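Residue numbers (numbering that gives the first Met the number 0), protein chains in the order written: chain A, 0 to 334; chain B, 0 to 590. Some notes on the structure that comes next.
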Amino acid sequence: MISYILRRTFAAVILLLVVSAVTFAIFFLLPRLVGQTADQLAQQYIGKSPSKADILAVKHNLGLDQPVYVQYWHFIKGIVAGADYSIGPTTVHCDAPCFGYSFKTHEAVWPQLTSRLPVTLSLAAGAAVLWLLSGVTVGVVSALKPRSLFDRTFMGIALAGVSLPMFFTGQLAILLFVFKWPIFGRDYVPFTENPQQWANTLLPAWCSLALLYSAVYARLTRSGMLETMNEDFIRTARAKGLRERKVVVRHGLRAALTPIITVFGMDLGLLLGGAVITESVFSLPGVGQYAVQGITDNDLPKILGVTLLAAAFVVIANLLVDLLYAAADPRVRLS
Amino acid sequence: MEGKQTIMRRSALAAVAAIGSVSLLLAGCSKADDNKDGGKPKAAGANAATKGVVNASDKKGGTVTYEMSDVPDSFDPGNTYYAYMYNLSRLWARPLMTFQPGPGTQGNTLVPDLAASKGVSSDGGKTWTYKLRAGLKFQDGTPITSKDVKYAVERSNFARDVLSLGPNYFQQYLDDPDHYKGPYKDKSAKGLSSIATPDDTTIVFHLNRAFQEFDYLVAAPQTAPVPQAKDDGVDYVKHIVSSGSYQFQSYEEGQKAVLVRNKNWDAKTDPLRKQLPDKIVINLKVNAETIDQDLQSGKATAELTGLGVGSSTQASLLNSADGKASTDNTFGGRLVYAALNTKVKPFDNVACRKAVEYAIDKVSVQTAMGGPVRGEIASTVVPPDITGYEKADQYASADSKGDVAKAKDQLKACGHTTINTNISARSDRQSEVDAATAIISSLKKVGINATLKQYPQGKYFTDYAGVPKFTEKQNIGIMMMQWGADWPSGYGFLQQILNSKAISQSGNTNLSQFANKDVDAKLAEAIANPDVAARNKLYAEIDKTTMDQAVIVPLTYFKVLLYRSPYATNVASSAAWSGQYDYLNIGTTKK
Chain A
0 MISYILRRTF AAVILLLVVS AVTFAIFFLL PRLVGQTADQ LAQQYIGKSP SKADILAVKH
60 NLGLDQPVYV QYWHFIKGIV AGADYSIGPT TVHCDAPCFG YSFKTHEAVW PQLTSRLPVT
120 LSLAAGAAVL WLLSGVTVGV VSALKPRSLF DRTFMGIALA GVSLPMFFTG QLAILLFVFK
180 WPIFGRDYVP FTENPQQWAN TLLPAWCSLA LLYSAVYARL TRSGMLETMN EDFIRTARAK
240 GLRERKVVVR HGLRAALTPI ITVFGMDLGL LLGGAVITES VFSLPGVGQY AVQGITDNDL
300 PKILGVTLLA AAFVVIANLL VDLLYAAADP RVRLS
Chain B
0 MEGKQTIMRR SALAAVAAIG SVSLLLAGCS KADDNKDGGK PKAAGANAAT KGVVNASDKK
60 GGTVTYEMSD VPDSFDPGNT YYAYMYNLSR LWARPLMTFQ PGPGTQGNTL VPDLAASKGV
120 SSDGGKTWTY KLRAGLKFQD GTPITSKDVK YAVERSNFAR DVLSLGPNYF QQYLDDPDHY
180 KGPYKDKSAK GLSSIATPDD TTIVFHLNRA FQEFDYLVAA PQTAPVPQAK DDGVDYVKHI
240 VSSGSYQFQS YEEGQKAVLV RNKNWDAKTD PLRKQLPDKI VINLKVNAET IDQDLQSGKA
300 TAELTGLGVG SSTQASLLNS ADGKASTDNT FGGRLVYAAL NTKVKPFDNV ACRKAVEYAI
360 DKVSVQTAMG GPVRGEIAST VVPPDITGYE KADQYASADS KGDVAKAKDQ LKACGHTTIN
420 TNISARSDRQ SEVDAATAII SSLKKVGINA TLKQYPQGKY FTDYAGVPKF TEKQNIGIMM
480 MQWGADWPSG YGFLQQILNS KAISQSGNTN LSQFANKDVD AKLAEAIANP DVAARNKLYA
540 EIDKTTMDQA VIVPLTYFKV LLYRSPYATN VASSAAWSGQ YDYLNIGTTK K
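Rendered as structure tokens:
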């Protein structure tokens, strides 16, 4: 087990390195290949009518005057060993893992990411609990009573949920439940500060996200359960005299769980890297909103930071999923 | 036994989880604080804040909340270039001069702020002297001296590798024979030799040319004092030392800033500010539709950027009498135009350019951009809310719908029956793309086939439309553009888009690459002329020459639809701030 985790961690580090290299190349190498000069790149971070000396100085400050591979090396070195930035009168030390320094605001990226992570975490965790519970429950009940009114109604709702984009359901939720009937607030506060307001603000976002995601889970669970419930071992379980609840949950659901865990891991990992649209719609100061800002400003270190964070979460979530397989399905051995 | 215990533990766990979830849900669903304080006040009427100050009041207290969907470039007065930050930053950074809070073009009046009176010029407008008011203090109680003002100009204009985001007019116009390296590299006590501070209340600027609109330049937040001992370059934004009526209580990068009263600000030193609200909150990155809702519910006092409400809110407001009474449809200090590239054939020929001037149906462009609410049809380069505007329409056509016959005549005069060219627009500005599409269909009627080329906004000037070589290589003859003045005068508006000296190889804003000796000479003559009326006459002449040469097709004078909160006091939409409300004294009646 430990050696398995170690091997997977090593593979994950290599994967992240590849992701970082590809991302870096997209932002720093590709523009050069299509003819953008370092001067033009630097100029995006200076106000109007910069002098040649201004451009040269900014280029030097941002390290854009060096070859791309040297810039990449500094970036990787910063993540492992930290980096020093001397812009202006002070030299700022950026502790490891240093994900670089914003070209526009000259703020270190990592502290910004960590300060925004609790928001994204709150959003993702709350929504995940909701969509997992509702999706799986609806899926199980629908599978047990296929073609019933419940099945048709909830599968219909699930289909609508997955088809409606967040900028529609989210906006609608805000309009109805925040402004028309002010049941929910919209000033996010950390959980530690005021748990009630925290939940109050996040609930519409959780529900909107859950509506979007739970549909997939409901459908996955339904089809998995329908298949499993016709298996021989279910008949055997029933023949042994087990209670129906136990048959459904222990034997039926457990066997149908594997694909759900797989998708759940991927979804959660991706969401932790920033729920870009949800955070923008609900004005939540999370990682996704930071990514949007980075893209709007063409602030490359910010975009790079968020991409790597998201990649790391997906890799970690996948590792956890693989470990969970063993728990869910005794036939899986981690070796 | 063991099994049973497990079941009990599981049940207990499930019960705890269930109770926890239910209580969390209940807590979540409990009614939010809605701060209701009686009925909503009555709206003052449509466009009330463009004609007068709405809800004039000296009532103190409450919290004024500004919201915006983006983030500003910086809160540091020495590192910003946005009009709304020039407007708002005066709450914590007092420049030497500023604009009198007032509606419409009344707001264009310059008044002394940190200075006791307007600048006194000598040496034919090359030397400008300002005396500071007596008794000025920073938020920590230390006195403000002329050296702090000098330092602020030095750091904002001569250290652009550190504070890159503001303009560099002082760097361009101040005499600098020693090639000053900026305060972070040049640690000498002397600093920039062309700014003298003979005593603690006097500051003298020595320019490299006569510049009669220098009072406008010192109205920029770059002249707001910064104590050198507290300046740490890019990090100064985290602990700005206030010289205004408010100071920072907190600042969260990219999220929120909270201002509270500055106890060391003295009303006796400041005839402009009233220090009304207890607190001013600036919320960043709020969803645009949510801002519109917040404004209408009274949660937000004003939208900070002054770009107005979204299209769905616009429709709902304008369709109800009550809604309309809460709006101000005001000029945004900008001209929407199409620049014709004088270096791309056949637009090097003035007749071909004139064909475009006649061909464009401006009503279709106006409609594409959102109708009359979003812009008035334009016929001059200088917009009407800028000092120096003079009404004219050289290429007039019936109902501004274009004149196909005259356009075809001009095309013939230029020796063509058809022209194939490209038109550039910013892909992430939908209204600009729509306007370009309307232009394309207008041009098609006279035989000019233009193909739309879209480029991202962030790189439009550095990599595409602002790179002359690129436009020539790509045969981009027409470029969509919007331009606002850095200060509300003809010179402030025209010099960056018409002066041949403004043409640069990248980041160019004179998109037409217009190099006209007469225009250059008149710009230079105007700025050296101390007589305002003579200057304005010259600006009108420059406008006429530009239109004669047909290098710019004015499309619309940009307009915005602002929602005016009925709770807000002292609300006036000022031309000096591109139609935004003047933020200096906005208070609230909301508890």
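A virtual CB, placed ideally from N, CA and C, is assigned to each residue, including glycine. Treat the numbers as computed from the prediction; the structure is a model and nothing was measured.
Closer than 7 Å at the beta carbon, the chain B residues around residue i
i, result
"A:I45", "R159, S163"
"A:E106", "E252"
"A:S282", "K284, V285, N286, T289"
Beta-carbon proximity list for residue i, same chain, < 8 Å, skipping 5 on both sides
i, result
"A:L14", "A310, V314"
"B:K342", "P467, T470, E471, Q512"
"B:W482", "R333, L334, Y336, F492, Q495, I496, T508"
"B:N421", "A449, T450, L451, K452, Q473, N474, I475, G476, I477"
Short CB-CB distance (under 8 Å) between residue i and chain A
i, result
"B:V285", "yes"
"B:S29", "Reliability of the predicted coordinates at B:S29 is poor, the pLDDT of 48 falling under 50, and no value is obtained from them."
"B:N167", "yes"
"B:D230", "yes"
"B:Y80", "yes"
"B:D462", "yes"
"B:D32", "Residue placement at B:D32 is poorly supported in this model, since its pLDDT is 43, which falls under 50; the coordinates are not used for a value here."
"B:K536", "no"
"B:S315", "no"
"B:G457", "yes"
"B:Y388", "no"
"B:K590", "no"
Listed by chain order, chain A residues near residue i by CB distance under 7 Å
i, result
"B:V70", "Q292"
"B:S626", "In the structure as shown, chain B starts at 0 and stops at 590, and residue 626 of chain B therefore has no counterpart that could be examined."
"B:V233", "I86, G87, H105"
"B:G483", "Those within 7 Å of B:G483 in chain A number zero; the least Cβ separation is about 12 Å."
Residue-chain proximity (residue i, chain B), Cβ-Cβ < 8 Å
i, result
"A:E243", "no"
"A:N317", "no"
Per-residue burial, residue i [other beta carbons within 10 Å of its own, 16 or more giving buried]
i, result
"B:Y83", "buried"
"A:D231", "exposed"
"B:K284", "buried"
"A:F102", "buried"
"A:I1", "exposed"
"B:T450", "exposed"
"B:N569", "buried"
Residue from the options whose Cα sits closest to the Cα of residue i
i, options, result
"B:I585", "B:Y250, B:A501, B:P383, B:N86", "B:N86"
"A:I4", "A:A327, A:P329, A:L318, A:D328", "A:L318"
"B:W264", "B:Y388, B:K323, B:G369, B:G134", "B:G134"
"B:A404", "B:H415, B:A358, B:S423, B:A367", "B:A358"
"B:L216", "B:L583, B:A575, B:Y580", "B:A575"
"B:R534", "B:E212, B:E66, B:P111", "B:E212"
"A:Y324", "A:G138, A:S282, A:Y289, A:T261", "A:T261"
"A:A254", "A:A56, A:Y212, A:P329, A:S213", "A:P329"
"B:K186", "B:T304, B:L164, B:Y150", "B:Y150"
"B:G309", "B:A114, B:S249, B:I290, B:A520", "B:I290"
"A:F183", "A:L29, A:V305, A:A172", "A:A172"
Per-residue contacts from residue i into chain B (C-beta, under 9 Å)
i, result
"A:I173", "N286, E288, T289, Q292"
"A:Q170", "N286, E288, T289"
Contacts around residue i, its chain only, beta-carbon distance under 7 Å, and the 5 residues preceding and following it disregarded
i, result
"B:K558", "N328, T329, F330, G331, V372, R373, G374, E375"
"B:P565", "K39, P40, K41, A42, S325"
"B:A567", "N54, T300, A301, I585, T587"
Own chain partners of residue i with C-beta closer than 6 Å, once the 5 adjacent residues on each side are dropped
i, result
"A:W205", "G125, A126, L129"
"A:G287", "G273, A274, V275, E278"
"A:V33", "none"
"B:N207", "D174"
C-beta neighbour in chain D for residue i, strict 8 Å
i, result
"A:I75", "Reference to chain D is not applicable here, since the protein chains of this structure are A and B."
Within chain B, partners of residue i - CB distance below 8 Å
i, result
"A:D339", "No answer is possible for residue 339 of chain A: the residues shown for chain A start at 0 and end at 334."
"A:T295", "D69, G457"
"A:V57", "R159, D160, S163"
Chain-ordered neighbours of residue i on chain A, where CB pairs are closer than 9 Å
i, result
"B:T508", "K47, S48"
Under 8 Å by beta carbon: chain A residues contacting residue i
i, result
"B:Y490", "Under the 8 Å cutoff, chain A gives no residues; its nearest Cβ is about 15 Å from B:Y490."
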